[in-house]
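J.: Chains as they are written, first to last, in the working numbering: chain A, 309 to 421; chain B, 2 to 114.
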């Protein structure tokens with residue numbers, strides 16, 4: 309019962325470094341999402357994908373990139389990390405949009421120092 | 002742009018008490034509304050999903066209502082238990098697009114044994 313799996317769970321980055329947050333789902337969902345959650349704030353959508361090879365920007369895409377080469381995987385890349393990117397990152401997936409339940413990973417805690 | 006508000010931000014109740022969590026949203030043109038539970042250090046788990054045409058949904062001790070015209074939803078928890086302690090978030094989905102799920106900031110519930 310893996311569902312949505314994110315790695316790493318915790319990471320400390322120095323300013324200017326780059327890294328990739330990995331996300332994989334085993335439910336054959338077409339839709340995948342990356343959100344960030346800042347303390348005391350609601351989740352904000354970074355990027356989303358409606359299928360392999362198709363990605364689009366969400367509300368807060370600056371400083372991030374994504375790719376979707378397979379249905380299962382949706383990695384999020386941080387280029388030139390900045391302190392403003394300190395946050396908790398959640399990957400999620402759903403069968404489609406509309407009436408479908410959205411499933412979340414357990415989150416990746418990222419600190420940029 | 003849709004704004005979702007949850008009041009109160011935190012709530013403590015003694016075990017066994019019935020309680021209501023509130024969610025309000027500014028744009029009534031929604032497709033559905035979901036209530037999620039988030040445990041510390043974990044991802045979000047979907048509890049209930051209400052379609053815009055529905056008035057309420059029930060699952061066990063949980064009952065969620067939706068009044069779309071007034072932009073409000075409530076999550077009623079009956080006979081609260083310490084295991085119900087978590088943060089509860091509501092999210093509303095707009096009518097078009099895959100990038101239109103808007104989250105509230107959550108209510109942190111503590112049930113005191």
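Positions of the beta carbon are idealized from the N, C-alpha and C atoms, including for glycine. From a predicted model like this one, the values you see are computed outputs, not experimental measurements.
Report, in whole angstroms, the separation of the C-beta atoms of residue 413/A and residue 44/B, which I expect to be a contact under 8 Å.
T.: Yes, residue 413/A and residue 44/B are in contact; Cβ-Cβ is about 5 Å, under 8 Å.
J.: Taking the C-alpha atoms as reference points, what is the distance between residue 79/B and residue 56/B?
T.: Going by the C-alpha atoms only, they are around 18 Å apart.
J.: Measuring only the C-alpha atoms, how far is residue 66/B from residue 326/A?
T.: Each residue's alpha carbon lies about 44 Å from the other.
J.: Can you check whether the C-beta of residue 412/A is within less than 9 Å of a C-beta belonging to chain B?
T.: Chain B, which has a Cβ nearer than 9 Å to the Cβ of residue 412/A, makes this yes.
J.: Below 8 Å on the Cβ atoms is my guess for residue 384/A versus residue 368/A; work out the distance and round it to an integer in Å.
T.: Not quite, the Cβ-Cβ distance comes to about 12 Å (not below 8 Å), so this is no contact.
J.: As a quick exercise: from 331/A, 344/A, 399/A, 404/A, pick the residue whose alpha carbon is nearest that of residue 337/A.
T.: When each option's Cα is compared against that of residue 337/A, the closest is 404/A.
J.: Going by C-alpha distance, which of 36/B, 30/B, 29/B is nearest residue 107/B?
T.: Closest option to residue 107/B, Cα to Cα, is 36/B.
J.: Do the CB positions of residue 351/A and residue 372/A come within less than 9 Å of each other?
T.: No. Outside cutoff.
J.: Tell me whether residue 95/B sits in a helix, a strand or coil according to DSSP, three-state version.
T.: Residue 95/B: strand per DSSP, three-state reduction.
J.: Under 9 Å between C-beta atoms, does residue 348/A make it to chain B?
T.: Judged by the 9 Å Cβ criterion, residue 348/A is in contact with chain B.
J.: Please identify the residue among 361/A, 340/A, 310/A whose C-alpha is closest to the C-alpha of residue 353/A.
T.: Checked all of 361/A, 340/A, 310/A; the closest Cα to residue 353/A is 340/A.
J.: Look at the alpha carbon of residue 13/B and the alpha carbon of residue 113/B, and state the distance between them as a whole number of angstroms.
T.: When rounded, the distance between both Cα atoms is 7 Å.
J.: In the DSSP assignment, the beta strand (DSSP E) including residue 79/B goes from what residue to what residue?
T.: No beta strand (DSSP E) holds residue 79/B; DSSP gives it neither H nor E.
J.: Residues of chain B with a CB under 9 Å from the CB of residue 398/A: which are they?
T.: In chain order: 44, 45.
J.: How would you list, in chain order, the residues of chain A whose beta-carbon sits under 9 Å from the beta-carbon of residue 106/B?
T.: Simply 348, 349, 350.
J.: DSSP on residue 393/A, reduced to helix/strand/coil?
T.: Reduced to three states, the DSSP call for residue 393/A is helix.
J.: Please decide whether residue 50/B counts as near chain A, where near means a Cβ-Cβ distance under 9 Å.
T.: Yes, residue 50/B counts as interfacial toward chain A.
J.: Taking all protein chains shown into account, do 16 or more other C-beta atoms lie within 10 angstroms of the C-beta of residue 401/A, making it buried, or fewer, making it exposed?
T.: Buried is the call here.
J.: Any idea which residues DSSP pairs residue 10/B with across the strands?
T.: Partner(s): none; residue 10/B has no beta bridge.
J.: Take residue 48/B and list the residues in its own chain whose beta-carbon comes closer than 7 Å to its own, dropping the five residues that flank it on each side.
T.: Closer than 7 Å at Cβ, skipping near neighbours: 36, 37, 38, 60, 63.
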